[in-house]
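**Q** As numbered in the working numbering, the sequence shown has no gaps in its residue numbers, which increase by one up to the final residue, 123. Mind having a look at this structure? Questions to follow.
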Amino acid sequence: VVTDQNGCSEAAQEIKVDDCDKSDCYTGSIIMTPNGDEFNEYFLIKCFDDFESNELHVYDRLGNEVYTQSNYDGTWNGLDNNGNDLIEGSYMWVFIGMDENGNQNVYKGTVTLLRK
Numbered sequence: 008v009v010t011d012q013n014g015c016s017e018a019a020q021e022i023k024v025d026d027c028d029k030s031d032c033y034t035g036s037i038i039m040t041p042n043g044d045e046f047n048e049y050f051l052i053k054c055f056d057d058f059e060s061n062e063l064h065v066y067d068r069l070g071n072e073v074y075t076q077s078n079y080d081g082t083w084n085g086l087d088n089n090g091n092d093l094i095e096g097s098y099m100w101v102f103i104g105m106d107e108n109g110n111q112n113v114y115k116g117t118v119t120l121l122r123k
């Protein structure tokens, strides 16, 4: 509340409403089946576009990086960095999102790749 020299007062309040439920954001697909049937063809990270920039890194069970993409756009379909089909199995992913303040936000998970 602000009161001026004449005794007049005014109150102001700013309320920011975020109506987007982010409770399940930054989670990834748990299964991929890039077999051409148009279901689960790509690895998806929910809300990946919330960040100014991002990177996706995918590792095999031995810890070898098999795929990486800067400014990930939801298009990884089970190919390695050389364009070869990866074998069926579990892969660990690391998603790094850079926010507008330059802060890194790191999210991790696993995805199972099936081709049948």
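The C-beta atom is built at its ideal place from N, Cα and C for all residues, glycine as well.
Taking 7 Å as the limit between beta carbons, can you name the residues of its chain near residue 95, skipping five residues before and five after?
**A** The residue labelled residue 95 in the question sits at position 88 within the sequence shown. Correct list, in chain order: 120, 121 and 122.
**Q** Compute every distance between the C-beta of residue 58 and the non-hydrogen atoms of the ligand NAD, then say whether any falls below 7 Å.
**A** Of ligands this structure carries none, so the ligand NAD is not represented either.
**Q** If contact is defined by three or more beta carbon pairs under 8 Å, each pair taking one atom from either stretch, is the region 83–93 in contact with the region 104–116?
**A** In short, these stretches do not touch, since the Cβ pair count stays below three.
**Q** Can you name, in chain order, every residue of its own chain whose Cβ lies under 6 Å from the Cβ of residue 75, other than the five neighbours on each side?
**A** Position 68 of the sequence shown holds residue 75. So the qualifying residues of the chain are 64.
**Q** What are the uninterrupted segments assigned as alpha helix (DSSP H) that are 4 or more residues long and contained completely in the region 48–76, given in chain order?
**A** Listed in chain order, nothing qualifies, since the region 48–76 has no complete alpha helix (DSSP H) run of 4 or more residues.
**Q** Is residue 35 helix, strand or coil by DSSP?
**A** The count along the sequence shown starts at 1 and reaches residue 35 at position 28. In this structure, residue 35 counts as strand in the three-state DSSP scheme.
**Q** With three or more beta-carbon pairs closer than 8 Å as the criterion, would you say the region 38–46 touches the region 58–72?
**A** With a cut-off of 8 Å, the region 58–72 and the region 38–46 do not count as touching, because too few Cβ pairs lie within range.
**Q** Quick one, which of 107, 67 and 104 has its alpha-carbon nearest residue 88's?
**A** The residue labelled residue 88 in the question sits at position 81 within the sequence shown. The shortest C-alpha separation from residue 88 is found at 67.
**Q** Using a Cβ-Cβ cutoff of less than 6 Å, which residues in the same chain neighbour residue 117 once the five nearest sequence positions on both sides are dropped?
**A** Here residue 117 refers to the residue found at position 110 of the sequence shown. Excluding residues within five positions, the ones whose Cβ falls inside 6 Å are 97 and 99.
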